[in-house]
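Peer 1: Positions 1 to 267 (this note's numbering) are the ones given, in order, by the sequence shown. We put the beta carbon where it would ideally sit given N, CA and C, even for glycine. Dropping the structure in here first, questions after.
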Amino acid sequence: MRAAVLGRPVGHSLSPVLHRAAYAALGLGDWTYDALDIGAEDLPVLLAGLGDEWRGFSVTMPCKQAAVDAADVVEPLPRLLHAANTLVRTADGWRAENTDVAGIGMALQLAGVERVGSAAIIGAGGTAAAAAVAVASLGADQVDVVVRDPSRAGDVVHVLQTLGVPVTVTPLEGAVLDAPLIVSTVPVGAQDAVLALPWRAGHTLLDVLYDPWPTALADRVTALGGTVAGGLDVLFWQATQQVELMTGRPAPIEAMRTALDAALASR
1 MRAAVLGRPV
11 GHSLSPVLHR
21 AAYAALGLGD
31 WTYDALDIGA
41 EDLPVLLAGL
51 GDEWRGFSVT
61 MPCKQAAVDA
71 ADVVEPLPRL
81 LHAANTLVRT
91 ADGWRAENTD
101 VAGIGMALQL
111 AGVERVGSAA
121 IIGAGGTAAA
131 AAVAVASLGA
141 DQVDVVVRDP
151 SRAGDVVHVL
161 QTLGVPVTVT
171 PLEGAVLDAP
181 LIVSTVPVGA
191 QDAVLALPWR
201 AGHTLLDVLY
211 DPWPTALADR
221 VTALGGTVAG
231 GLDVLFWQAT
241 QQVELMTGRP
251 APIEAMRTAL
261 DAALASR
């Protein structure tokens, strides 16, 4: 049986570490997990030409929307987000799933966030939309979407409105960050503007990046006395769900965590 992570670039991905450790712990000696560097335009052709030995894919950027469009069956969550980070082979073809929401939710809970009042999400891409569902599931009663260009916030706003959560859109420049919980989904190259925001000790930050870690943003919030969670927890917990979806077996949490820690220590 075969599985892989799809995206471009994927050379930095830690998904192979996690999935291979899971297969070993589960005794799935005939399972392999690879990294395939492909763009969104390549995904439909790839899926159409695969044999039955292929059981699933972890999907990263820029292929998450293409995975929804190419799937034969789309679950409600990836349909709402128009983003899938998981494809699973079924009797009906490829099924699109999204485990990012569960990963973000677990990362927040491990940071001590059991219930959300107001929150802010910085960014407007697929990860921001997944974060919107996660904070809504934790009870958010108001979400501010903070973006450099407010015209790009439409997808995240749509998700929150569909879930019945009041939402505002704020330009990044001059944002005040009134909410106690902030989820940053911006890439490393865009963090300078986020660093300039008025962070304070009362903030809890989830920065979804994990390489390199800690990010400059995580360091800043920590230095101010805030609480910080990182993308490694998001990566880890979304991967445990992917293992279960692809193999039909419970994820071996301890073995996967040990493998991840060892991989990070060797970098």
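For V234 and E97, what's the separation of their Cα atoms in angstroms?
Peer 2: Cα-Cα distance, rounded: 16 Å.
Peer 1: Drop a sphere of 10 angstroms on the beta-carbon of A218, count the other beta-carbons inside from all chains shown, and report buried for 16 or more, exposed for fewer.
Peer 2: Buried, because 16 or more other Cβ atoms sit within 10 Å of the Cβ of A218.
Peer 1: In whole angstroms, give me the CA-to-CA distance for A84 and A107.
Peer 2: C-alpha separation (whole angstroms): 19 Å.
Peer 1: What is the DSSP secondary structure of D141, reduced to helix, strand or coil?
Peer 2: Residue state, collapsed to three classes: coil.
Peer 1: Do L80 and C63 have their C-beta atoms closer together than 7 Å?
Peer 2: Contact: no.
Peer 1: Out of W31, G56 and H19, point me to the one whose CA is closest to M1's CA.
Peer 2: Of the listed residues, the one whose Cα sits closest to M1 is W31.
Peer 1: In the structure shown, what three-state DSSP assignment does V188 receive?
Peer 2: Of the three classes helix, strand and coil, the one that applies to V188 here is helix, per DSSP.
Peer 1: For the beta strand (DSSP E) containing D207, name the first residue and the last one.
Peer 2: Here the beta strand (DSSP E) through D207 covers T204 to D207.
Peer 1: Three-state secondary structure (DSSP) at V194?
Peer 2: V194 falls in the helix class under three-state DSSP.
Peer 1: Once the 5 residues before and after A70 are set aside, which same chain residues still bring their CB inside 6 Å of it?
Peer 2: Answer for A70: L43, P44 and L47, listed in chain order.
Peer 1: Anyone know if the C-beta pair for A131 and V183 falls short of 7 Å?
Peer 2: Yes, they are a contact pair.
Peer 1: Going by other Cβ atoms of all chains shown within 10 Å of its Cβ, with 16 needed for buried, is H12 buried or exposed?
Peer 2: Result: exposed.
Peer 1: Which partner residues of L108 appear in the DSSP bridge assignment?
Peer 2: L108 pairs with nothing; no bridge assigned.
Peer 1: Measure the CB-CB distance between D34 and A66 and report whether it falls below 7 Å.
Peer 2: No. Outside cutoff.
Peer 1: If you follow the alpha helix (DSSP H) that P16 is in, where does it begin and where does it stop?
Peer 2: Per DSSP, P16 belongs to the alpha helix (DSSP H) from S15 to L26.
Peer 1: Just reading off the beta strand (DSSP E) that T90 is part of, what are its end residues?
Peer 2: T90 -> beta strand (DSSP E) spans T86 to T90.
Peer 1: What does DSSP give as the partner residues of A96 in its beta bridges?
Peer 2: Bridge partners of A96: V74 and L87.
Peer 1: Taking just the CA atoms, how far does G56 sit from D37?
Peer 2: C-alpha separation (whole angstroms): 15 Å.
Peer 1: Output the distance between the C-alpha atoms of S58 and L87, rounded to the nearest integer angstrom.
Peer 2: C-alpha separation (whole angstroms): 7 Å.
Peer 1: Checking 7 Å against the spacing of the C-beta atoms, do G7 and M61 come in under that value?
Peer 2: The answer is yes: Cβ separation under 7 Å.
Peer 1: Rank V243, I121, A251 and T227 by C-alpha distance to the C-alpha of V113 and give the top, closest one.
Peer 2: Nearest of V243, I121, A251 and T227 to V113, Cα basis: T227.
Peer 1: Mind checking which residues open and close the beta strand (DSSP E) that includes I253?
Peer 2: Per DSSP, I253 belongs to no beta strand (DSSP E); it is in the alpha helix (DSSP H), I253 to A265.
Peer 1: Is it true that the CB of V221 sits closer than 7 Å to the CB of W199?
Peer 2: Contact: yes.
Peer 1: In this structure, does DSSP put R2 in helix, strand or coil?
Peer 2: Of the three classes helix, strand and coil, the one that applies to R2 here is strand, per DSSP.
Peer 1: Following the continuous alpha helix (DSSP H) through T162, name the residue where it begins and the one where it ends.
Peer 2: Residues G154 to T162.
Peer 1: DSSP three-state call for P150: helix, strand or coil?
Peer 2: Helix, per DSSP.
Peer 1: By the 10 Å Cβ neighbour count, where 16 or more other Cβ atoms means buried, how is T168 classified, buried or exposed?
Peer 2: T168 comes out exposed.
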